[in-house]
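Asks:
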Amino acid sequence: MSFRACLVLPVYDPGPSLARTVTALAAYGLPMYLVDDGSGPATGAELQRLAAWSPLVRLLDLGSNQGKGAAVMRGLRQAHQDGFSHALQVDADGQHDAGAVQAFLDLGRQHPAAVVAGAPVYDRSVPRSRKYGRYCSHLWVWINTLSMDIQDSLCGFRLYPLAPTLALMDRAEIPRRMAFDTEIIIRLHWAGVPVRSAPVRVTYPADGVSHFRPWRDTLLLIRTHTCLFLGMLWRSPRLLARRQARPWYRIRERGTLLGFRLAAGTLRLLGPRAVRVLAEGLVPYFFLTGRRARRASLDYLGRLAARSGPLPGLPGKPGLREVYRHFQCFCRATVDKLVAWAGSRSGIDLDPADLEPFLALRRSGRGVLILGAHLGNLEMMRALGHGRGLEGLNAVVYGENAAGFHEMLGRVNPAFRTGLVQVARVSPDTAIRLQQKLDQGECLFIVGDRTPPSENGRIVRVPFLGDPAAFPSGPFLLAHLLRCPVHLLFCVHDGERYRVRLEPFAERIALPRAGREAALAHWAGRYAQALEAQCRATPYQWFNFFDFWNDR
Amino acid sequence: MVITPHEMKLFIIETLGLEDLTPDGIGDDEPLFAGGLGLDSIDALELGIALRRRFQVPAAEQDTATRDHFRTVSTLVDFVARNGQGLMEAGA
């Protein structure tokens, strides 16, 4: 089905901004449905004038004032009947920046099944009560959709995919008045229509006419959200189940961009302890909504218990309580990374003597590859080292991983970024870059238990906790190319404080021409064994919350 | 940077440690990878690194371009002649 878009403007006595808005929008050459929602004669005359002025303008008349929702829906129906695939709703009061139209159309073309919702960008003309009062509504929208996909539900600048929207309108009772904007997008989300957000500048023109009445409309919204809340409860099993299987590198970022910003902001304003409290409070959210992560955690803990028998802190048959503890440990480790990079040692209990071998290694001037895992807190080591004035601690990561988290850490401390080496895959350039660092005696941190997102066949399967699992061959390949010693490093929390385990892994990893596969399997196998041993020692600190054995 | 096919073959043998081969054993237009000499992707990386170091050739991040350049000794010689600078001229 081809993309054919039009504009829909609900018109209720908007004043002089109507002509301005229509003129600006006409520049796009799209048919424009102006729906008269029972306006007075002055507006009526203006509409006639505009229709005469441009053939793009198509007038619809509700006859009497029935509400914004009624007007928009009338426009959407007509648009659908006239053969359009998408309709962009714009307010006639001049609040929306007409310049955003192109961006929305482009997004609509790229994602034709989605509704593109405007996220307002305010300038100084916005009344403060309007700006902050919206957050209350946003919170309820997130609760009512059990997701943070909808950034702003109140903005009337929105591109609708007509077919699913009309289907929804036929099926459900959509409010005809001001609650329309909020309710229709929530219901579209419930119906599985993807929601994309795009910014739109919003201004409050001095001569604009607003029909917003604070008390009346707030009460209306409260009533709307209450009804929607009940609807959400009724649908919640389906909504939770709908969290589709996503690849692991998206799970790590799931819903957390806002959480990171919140954390960074809290850290700045209120300090490390407040962040810890906040993180602890977020654990239930991740636990309840992270079905795939819960399942993966239970699977991993079960395999570990089955293979090693009950361990300290891990019963023979781990259950949801153990999974919750797993989530808690991950949250704590994440916060510790943030706090460490922020330069604080608050809550990070580490014996300096423990840190010494690692610092000595760095000072020795011998370039080494430090192999770790998503176990414990490898990244924190880098932060602590940096905090003690050590340079030359580089983290080699596959580019797409944890981009949001890295962005936040980079903002907390720019030094994070200087030591970050992002690679798409091992290439001659990568190897040379890293070799230069090694020649200067620097350390390269790399994890051995995450494969690159783009499948380049660079994985090696070896047994881990009893079953074959895919490990990246990159670290071993690098070690072979760089001809450097390799050390294993695990920085783990023992319940009271962090301990650092640094041990030599190989003086030299060679993958000889005759028998490369065998050599790779040998080294990866040794790594997997070391990882397994560490998991047995600290079961709750291996943080791969996806199906490690099958998810490739 | 001009290099003869013979020199390139010596370079390949030395870089990759192909002890049981002599330059005469490698044809100018014999495929280096995928059959022929049977070098693998790790060899390609090692060769790429060595070429980069020795001749300052720009590394093509795109696999397809690299594959074309690395196909045979002749294509490599061409590639280096066109793009390489060699250590002598590295300072220029």
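So the protein lines, in turn, are chains H and R.
Each residue of the first sequence is one higher than the one before, starting from 1 at the first, in the working numbering.
Each residue of the second sequence is one higher than the one before, starting from 1001 at the first, in the working numbering.
Ideal placement from N, C-alpha and C gives every residue a C-beta, glycine not left out.
Taking the alpha-carbon of H:GLY448 as reference, which of H:GLY441, H:LEU438, H:GLN440, H:ILE459 has the nearest alpha-carbon?
Replies: As a position in the first sequence, residue 448 of chain H is number 448, starting the count at 1. For H:GLY448, the nearest C-alpha among the options comes from H:ILE459.
Asks: Quick check on DSSP: helix, strand or coil for H:HIS582?
Replies: Beyond the ends of chain H as shown, which are 1 and 552, falls residue 582 of chain H; an answer cannot be given.
Asks: Using a Cβ-Cβ distance under 9 Å, would H:VAL202 count as near chain R?
Replies: Position 202 of the first sequence holds residue 202 of chain H. It does not; no Cβ of chain R falls within 9 Å.
Asks: Can you find at least 3 beta carbon pairs, one from the region 46 to 55 of chain H and one from the region 26 to 36 of chain H, that sit closer than 8 Å?
Replies: The region 46 to 55 of chain H, when compared against the region 26 to 36 of chain H, does touch it at the 8 Å Cβ threshold.
Asks: Would you kindly work out how many angstroms separate the C-alpha atoms of H:GLY410 and H:GLN81, rounded to a whole number?
Replies: Residue mapping note: residue 410 of chain H aligns to position 410 of the first sequence, counting from 1. Residue mapping note: residue 81 of chain H aligns to position 81 of the first sequence, counting from 1. H:GLY410 and H:GLN81: Cα-Cα distance of roughly 51 Å.
Asks: Got a sec: is the Cβ-Cβ distance from R:GLY1017 to anything in chain H below 9 Å?
Replies: Along the second sequence, one-based indexing puts residue 1017 of chain R at 17. Output row for R:GLY1017: interface = yes.
Asks: When you compare each of H:LEU228, H:SER427, H:PHE546 to H:LEU139 by their alpha carbons, which one comes out closest?
Replies: Position 139 of the first sequence, counted from the start, is the residue given in the question as residue 139 of chain H. Per the Cα distances, H:LEU228.
Asks: Evaluate H:GLN534 with the Cβ neighbour count: other Cβ atoms within 10 Å of its Cβ, from every protein chain shown; 16 or more gives buried, anything less gives exposed.
Replies: On the first sequence, residue 534 of chain H is found 534 positions in, with the first residue counted as 1. Label assigned to H:GLN534: buried.
Asks: Applying the 10 Å Cβ sphere with the 16-neighbour rule, what's the burial state of H:VAL300?
Replies: Taking the first residue of the first sequence as 1, we reach residue 300 of chain H at position 300. In the sequence as presented, Val is not what sits at residue 300 of chain H; that position holds Tyr. Buried, since its Cβ has 16 or more Cβ neighbours within 10 Å.
Asks: State buried or exposed for H:ALA274, treating a residue as buried only when at least 16 other CB atoms are found within 10 Å of its CB.
Replies: Indexing the first sequence from 1 puts residue 274 of chain H at position 274. Result: exposed.
Asks: Using the Cα positions of R:ARG1071 and R:THR1022, report the straight-line distance between them to the nearest angstrom.
Replies: The count along the second sequence starts at 1 and reaches residue 1071 of chain R at position 71. The count along the second sequence starts at 1 and reaches residue 1022 of chain R at position 22. If you take the alpha carbons of R:ARG1071 and R:THR1022, they lie about 19 Å apart.
Asks: Rounding to the nearest angstrom, what Cα-Cα distance links H:SER17 and H:GLN78 in this structure?
Replies: Along the first sequence, one-based indexing puts residue 17 of chain H at 17. Along the first sequence, one-based indexing puts residue 78 of chain H at 78. The straight-line gap from Cα to Cα measures roughly 24 Å.
Asks: Between the region 538 to 548 of chain H and the region 515 to 527 of chain H, can you find at least three pairs of beta-carbon atoms closer than 8 Å?
Replies: Verdict: no, contact absent.
Asks: Under the rule that 16 or more other beta-carbon atoms within 10 Å means buried, what is H:THR334, buried or exposed?
Replies: Counting from 1 along the first sequence, the entry for residue 334 of chain H is found at position 334. The residue is buried, with at least 16 neighbouring Cβ atoms inside 10 Å.
Asks: Beta strand (DSSP E) containing H:ALA469: first to last residue?
Replies: Translated into the one-based positions of the first sequence, residue 469 of chain H becomes position 469. That run of the beta strand (DSSP E) goes 467 to 472.
Asks: Buried or exposed for H:GLY313, going by 16 or more other Cβ atoms inside 10 Å?
Replies: Residue numbering aside, residue 313 of chain H sits at position 313 when the first sequence is read from its first letter. The residue in question, H:GLY313, is exposed, as its Cβ has fewer than 16 Cβ neighbours within 10 Å.
Asks: What are the residues that DSSP puts in a beta bridge with H:GLU503?
Replies: By 1-based counting over the first sequence, the position of residue 503 of chain H is 503. Beta-bridge pairing links H:GLU503 to H:LEU488.
Asks: Since H:GLY118 sits in a beta bridge, which residues does DSSP pair it with?
Replies: Indexing the first sequence from 1 puts residue 118 of chain H at position 118. DSSP output for H:GLY118 lists H:ALA198 as bridge partner(s).
Asks: Using a Cβ-Cβ cut-off of 7 Å (strictly less than) and excluding sequence neighbours within five positions of H:ALA342, which residues of its own chain qualify?
Replies: As a working note, residue 342 of chain H is residue 342 in the first sequence. LEU267, VAL412, ASN413, listed in sequence order.
Asks: Strictly below 8 Å CB to CB, what residues from chain R border H:VAL426?
Replies: Taking the first sequence and counting its residues from 1, one reaches residue 426 of chain H at position 426. Those are LEU1045, listed as they occur along chain R.
Asks: Does the separation of the CB atoms of H:VAL90 and H:LEU7 fall below 9 Å?
Replies: As a first step, residue 90 of chain H is located in the first sequence; it is residue number 90 there, counting from the start. As a first step, residue 7 of chain H is located in the first sequence; it is residue number 7 there, counting from the start. Cβ atoms of H:VAL90 and H:LEU7: closer than 9 Å.
Asks: Excluding the 5 residues preceding and the 5 following H:ALA5 in the sequence, name in chain order all residues of the same chain whose CB lies nearer than 8 Å to its CB.
Replies: Here residue 5 of chain H refers to the residue found at position 5 of the first sequence. Excluding sequence neighbours, H:ALA5 sits near LEU30, PHE84, SER85, HIS86, ALA87, LEU88, LEU105, GLY108, LEU159.
Asks: Could you work out which residue in H:ARG501, H:LEU59, H:LEU220 is closest to H:LEU361 when comparing CA atoms only?
Replies: Residue 361 of chain H sits at position 361 when you count from the first residue of the first sequence. That would be H:ARG501, whose Cα lies nearest to the Cα of H:LEU361.
Asks: Comparing the C-beta of H:GLN435 with each C-beta of chain R, is any distance below 9 Å?
Replies: On the first sequence, residue 435 of chain H is found 435 positions in, with the first residue counted as 1. Yes, H:GLN435 lies at the interface with chain R (some Cβ there is under 9 Å from its Cβ).
Asks: Use the C-beta contact count for H:TYR12: other C-beta atoms within 10 angstroms, 16 or more gives buried, fewer gives exposed.
Replies: Within the first sequence, the letter at position 12 stands for residue 12 of chain H. Its Cβ being crowded by 16 or more others within 10 Å, H:TYR12 is buried.
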